[in-house]
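Data first, discussion second: the structure below is written as structure tokens.
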Amino acid sequence: MIGRLRGMLVEKISPEILIECAGVGYEVTMPMTSIYALPELEQQATIYTHFVVREDAQLLYGFANKVERKLFRLLIKVNGVGPKLALAILSNMSADQFVSCVRHDDISAIVKIPGVGKKTAERLLIEMRDRLKDWQAQQIHLVSDDGVIPEQLSAEMSPETTFVNDNKGDAINALVSLGYKQLQADKAVKAVYNRGMSSEDIIRDALKSMV
């Protein structure tokens with residue numbers, strides 16, 4: 000099991016990154032909330048990972064902190080929720096926002112997430128309610144190595160500042176990979192796009208406009 004990676008951030012093509020550790024490049028799929036918290040390219044980064052082995056693939060999912068990974072692991076235990084849908088949930092709202100939705104039975108916010116229908120949302124609320132009863136205690140337990148509560152890390156966004164011509168296309172592709180329809184992603188990106196924005200900025204603003 001690969002539980003953590005620490006190395007140089009080589010690529011960020013949302014929702015995937017490439018991180019080089021001891022000469023080995025690992026392709027990791029991450030939710031947008033975690034990608035926002037990453038440093039800029041060519042800098043050192045630490046991510047917490049969840050390794051999935053299937054008959055046709057070996058997949059590595061990454062998170063900016065242990066709290067996001069913990070919630071991801073709880074989500075994929077829900078009947079009908081796989082890694083892709085769990086990533087979509089974490090890309091559209093923070094861990095604390097999702098927990099708040101569960102505690103307040105806010106089904107309207109959850110059904111706005113791509114791929115989450117009413118039945119799935121109801122199942123999430125029911126099954127996650129018991130699993131999140133001691134969420135506050137779990138957060139305290141999952142303090143990062145430097146003594147910072149993980150939620151504080153996820154609030155620190157470090158998007159790329161270098162503009163490239165295909166940032167707009169990268170943002171659309173990332174939204175499609177998260178479950179949005181091509182037309183819906185294209186419309187959302189066009190609505191928020193301004194020249195000079197990084198792909199992470201575009202994705203973040205597009206997600207805010209749709210949820």
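First residue of the sequence shown: 0, per numbering that gives the first Met the number 0; consecutive thereafter. C-beta: ideal position from N, C-alpha, C; glycine also.
Which residues bound the beta strand (DSSP E) around residue i?
i: Ala44; result: 43-52
i: Gly61; result: 57-62
Considering just the uninterrupted stretch of the alpha helix (DSSP H) at residue i, what are its terminal residues?
i: Glu10; result: Unbroken run through Glu10 is the beta strand (DSSP E), 3-12; no alpha helix (DSSP H).
i: Gly168; result: 166-176
i: Asp129; result: 117-130
i: Ser106; result: The question names Ser, but residue 106 is Ile in the sequence shown. Where Ile106 is concerned, the enclosing alpha helix (DSSP H) stretches over 106-109.
i: Pro82; result: 82-91
i: Glu67; result: 65-74
Can you tell me which residues form a DSSP beta bridge with residue i?
i: Val27; result: Ile16
Pick helix, strand or coil for residue i, following the three-state DSSP scheme.
i: Met209; result: helix
i: Val188; result: helix
i: Val98; result: helix
i: Arg194; result: coil
i: Tyr179; result: coil
i: Ile112; result: coil
i: Ser199; result: Reading off the sequence, residue 199 comes out as Glu, not Ser. Three-state DSSP puts Glu199 in a helix.
i: Asp204; result: helix
Determine the closest residue to residue i out of the options, with distance taken between C-alpha atoms.
i: Lys207; options: Pro38, Ser90, Phe71; result: Ser90
i: Pro82; options: Gly114, Ser107, Phe97; result: Gly114
i: Gly6; options: Val110, Ala21, Leu73; result: Ala21
i: Ala190; options: Gly178, Ala170, Lys117, Leu4; result: Ala170
i: Arg72; options: Gln57, Met92, Val51; result: Val51
i: Met127; options: Val80, Ile112, Lys167, Ile46; result: Val80
i: Glu10; options: Ala56, Arg68, Leu37, Arg3; result: Leu37
Measuring only between beta-carbons, confirm whether residue i sits less than 8 Å from chain C.
i: Glu10; result: Absent from the structure is chain C; it holds one protein chain and no more.
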